[in-house]
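Colleague: Heads up: the sequence shown begins at 39 in our numbering, then just goes up one per residue.
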Amino acid sequence: MTVILSICVAVVFAVSLYLMTGRELKSIAMGVFLLGHAANLSIIAMSRTPVRHEPQLLKGAPILTEGFDPAHPMSSIVDPLPQALILTAIVIGFAVMAFLLSLLVLTSRKTGTLSIEELGVVATQDD
39 MTVILSICVA VVFAVSLYLM TGRELKSIAM GVFLLGHAAN LSIIAMSRTP
89 VRHEPQLLKG APILTEGFDP AHPMSSIVDP LPQALILTAI VIGFAVMAFL
139 LSLLVLTSRK TGTLSIEELG VVATQDD
């Protein structure tokens, strides 16, 4: 499972880098979005280490998970901190995505193009 997740992270990173080297603002924005998702996936891939010490609240409490081994109760518990960080990163990523999309729409309406080369020509004509 870790190997498949690592391959997925590598593919998403590669696609995001390819998109960010494009000549249009749309592809650059999509590359930024994918880069955020690749970072979240890499955090998930690294956070599979179980908690080393049993939390005080879980001592003696039944854990309702599939594959729970009562002989090794800590094997099915994961650290909740990376999951909380990723949830926060997803919310911030949506806000950044909305901001970038609004900038793309405003740029397209004002200049009529999203090509970086044509935007450079428009910027030099305005000066």
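Ideal placement from N, C-alpha and C gives every residue a C-beta, glycine not left out.
Name the residue from 121, 146, 71 and 53 whose alpha carbon lies nearest to the alpha carbon of residue 131.
Modeller: For the residues 121, 146, 71 and 53, the minimum Cα distance to residue 131 belongs to 71.
Colleague: Give a yes or no on contact between the segment 154 to 165 and the segment 72 to 86, applying the rule of three or more CB pairs nearer than 8 Å.
Modeller: The segment 154 to 165 vs the segment 72 to 86: no contact.
Colleague: On a Cα-Cα basis, can you pick out the residue from 61, 54, 51 and 46 that is closest to residue 158?
Modeller: Comparing Cα positions, the closest option is 61.
Colleague: So what does residue 62 bridge to, in DSSP terms?
Modeller: According to DSSP, residue 62 bridges with 153.
Colleague: Can you have a look at residue 74 and say buried or exposed, based on whether 16 or more other CB atoms are within 10 angstroms of its CB?
Modeller: When all chains shown are included, residue 74 counts as buried.
Colleague: Are the segment 53 to 67 and the segment 139 to 157 in contact at 8 Å, needing three or more beta carbon pairs?
Modeller: Taking 8 Å as the limit for Cβ pairs, the verdict is that the segment 139 to 157 does touch the segment 53 to 67.
Colleague: Can you check whether the CB of residue 41 is closer than 9 Å to the CB of residue 76?
Modeller: Cβ distance not < 9 Å, so residue 76 and residue 41 don't count as in contact.
Colleague: For the putative contact between residue 57 and residue 45, defined by C-beta atoms under 8 Å, what is the C-beta separation to the nearest angstrom?
Modeller: About 19 Å separates the two Cβ atoms, so there is no contact after all.
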